[in-house]
Amino acid sequence: MYLKHFGLTQLPFNLTPDTQFFCDLPTHREALNVLLIALQGGEGFIKITGPVGTGKTLLCRKLLNELPAPFVTAYIPNPDMDTTALHQSIADEFNLRYARSNDQSRILVKINKYLLQASQQGQKVVLIIDEAQAMPLKTLESLRLLTNLETEKQKLLQIVLFAQPELDKILQQKSIRQLRQRISFSYQLQALNKQQIQEYLLHRLYIAGNTHTDLLGIFSATALQFYTKGIPRLINILAHKALLAAYGKGHSSIGWQHIHLAAVDTEDTRRHLNIWLFRKVLPWLVVASAVFIYFLPRLPL
Numbered sequence: 061m062y063l064k065h066f067g068l069t070q071l072p073f074n075l076t077p078d079t080q081f082f083c084d085l086p087t088h089r090e091a092l093n094v095l096l097i098a099l100q101g102g103e104g105f106i107k108i109t110g111p112v113g114t115g116k117t118l119l120c121r122k123l124l125n126e127l128p129a130p131f132v133t134a135y136i137p138n139p140d141m142d143t144t145a146l147h148q149s150i151a152d153e154f155n156l157r158y159a160r161s162n163d164q165s166r167i168l169v170k171i172n173k174y175l176l177q178a179s180q181q182g183q184k185v186v187l188i189i190d191e192a193q194a195m196p197l198k199t200l201e202s203l204r205l206l207t208n209l210e211t212e213k214q215k216l217l218q219i220v221l222f223a224q225p226e227l228d229k230i231l232q233q234k235s236i237r238q239l240r241q242r243i244s245f246s247y248q249l250q251a252l253n254k255q256q257i258q259e260y261l262l263h264r265l266y267i268a269g270n271t272h273t274d275l276l277g278i279f280s281a282t283a284l285q286f287y288t289k290g291i292p293r294l295i296n297i298l299a300h301k302a303l304l305a306a307y308g309k310g311h312s313s314i315g316w317q318h319i320h321l322a323a324v325d326t327e328d329t330r331r332h333l334n335i336w337l338f339r340k341v342l343p344w345l346v347v348a349s350a351v352f353i354y355f356l357p358r359l360p361l
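Take the sequence shown: its letter number 85 is residue 145 in my numbering, and every next letter is one higher.
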């Protein structure tokens with residue numbers, strides 16, 4: 061709707077995890093480096109966590125695109141399943157043939173055979189699981205058993221877990237301590253600061269075809285940091301709505317007022333705004349009430 065108005069060739073703030081828009085900010089670059097170094101070193105388990113909307117799925121897709129040969133990858137985006145279904149999903153990712161009536165042990169035999177053959181051919185097999193915090197405990201524990209297959213020099217299967225911070229709480233449970241001890245590398249994604257938000261906005265606008273210098277500086281990083289707390293998904297939502305608001309009014313630049321309108325129209329940021337107003341206004345109301353009560357008896361009738 062607003063592409064032509066702002067000189068863009070595609071939507072700059074889509075919520076889909078498009079690796080074309082991957083912004084090489086410190087927190088995402090460090091996480092990607094941790095992943096690449098750990099996988100090259102043959103580590104069994106690697107964990108990447110971060111709050112909702114910090115870009116875990118985009119980073120996951122970036123990793124899938126950047127892993128060179130001899131890496132072979134399997135990707136499971138929704139692991140909320142029992143152990144048998146997980147093994148079936150892994151077998152499907154590796155294009156292994158099996159009868160649906162096969163029990164779990166037979167599917168495991170096929171997976172293990174595939175991993176051995178891949179190792180003999182010099183391949184490194186990586187299983188990447190997104191939203192790992194959704195996995196039932198038994199399914200999560202079954203991942204550890206999958207990594208038991210190894211040669212004298214390396215694991216035959218490496219596993220990368222992308223998850224919300226809830227996974228860390230799950231891993232503290234005693235019943236799953238063996239898996240926790242096998243996670244040799246981990247990284248926690250952080251929210252963006254004001255400077256990083258500015259870089260993020262400019263990068264996405266540039267990729268979307270913007271060449272208008274005035275448009276490059278239209279967004280107030282301070283306003284977006286205030287409303288979004290530096291969460292990329294919320295930044296995308298507010299930036300998109302701010303562009304719509306400016307377009308609707310025929311404006312060629314975006315100011316605080318457009319971002320404010322977008323924030324009020326978005327549930328998560330509206331809640332942040334209400335909490336902020338409550339914290340800022342309530343003390344003054346308390347003071348005003350105390351002053352009024354103190355002076356009320358002294359007021360002339």
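By construction, the Cβ of each residue, glycine as well, lies at the ideal position given by its N, Cα and C atoms. Computed from a prediction, not measured in an experiment: that's the story for all the values here.
Subject >> Spatial distance of Ala134 from Gln233 (CA atoms) >> reply: 27 Å
Subject >> Coil, strand or helix - Lys170 by DSSP >> reply: helix
Original post:
In this structure, does DSSP put Glu210 in helix, strand or coil?
Top reply: strand
Original post:
When the distance is taken between beta carbons, is Ile167 closer than 7 Å to Tyr158?
Top reply: yes
Original post:
Could you give the C-beta distance for Gln183 and Leu227, rounded to a whole number, given that I count them as a contact under 8 Å?
Top reply: Not a contact, Cβ separation roughly 28 Å.
Subject >> Per DSSP, the bridge partner or partners of Leu221 >> reply: Lys107, Ile189
**OP:** Output the boundary residues of the beta strand (DSSP E) element that contains Val132.
**Re:** 131-136
Original post:
With 16 other CB atoms within 10 Å as the buried threshold, where does Gln70 fall?
Top reply: exposed
Subject >> Through-space distance from Met61 to Arg240, alpha-carbon basis >> reply: 48 Å
**OP:** Report all residues from its chain with a CB closer than 6 Å to the CB of His318; omit the five preceding and five following residues, and keep chain order.
**Re:** Ala302, Ala305, Ala306
**OP:** May I have the straight-line CA-CA distance separating Val132 from Thr79, to the nearest angstrom?
**Re:** 19 Å
**OP:** Go ahead and label Asn155 buried or exposed: buried means 16 or more other beta carbons lie within 10 angstroms of its beta carbon, across all protein chains shown.
**Re:** exposed
Subject >> Alpha-carbon spacing of His88 relative to Ser161, whole angstroms >> reply: 42 Å
Subject >> Residue from Arg293, Leu284, Ile230 whose Cα sits closest to the Cα of Leu321 >> reply: Leu284
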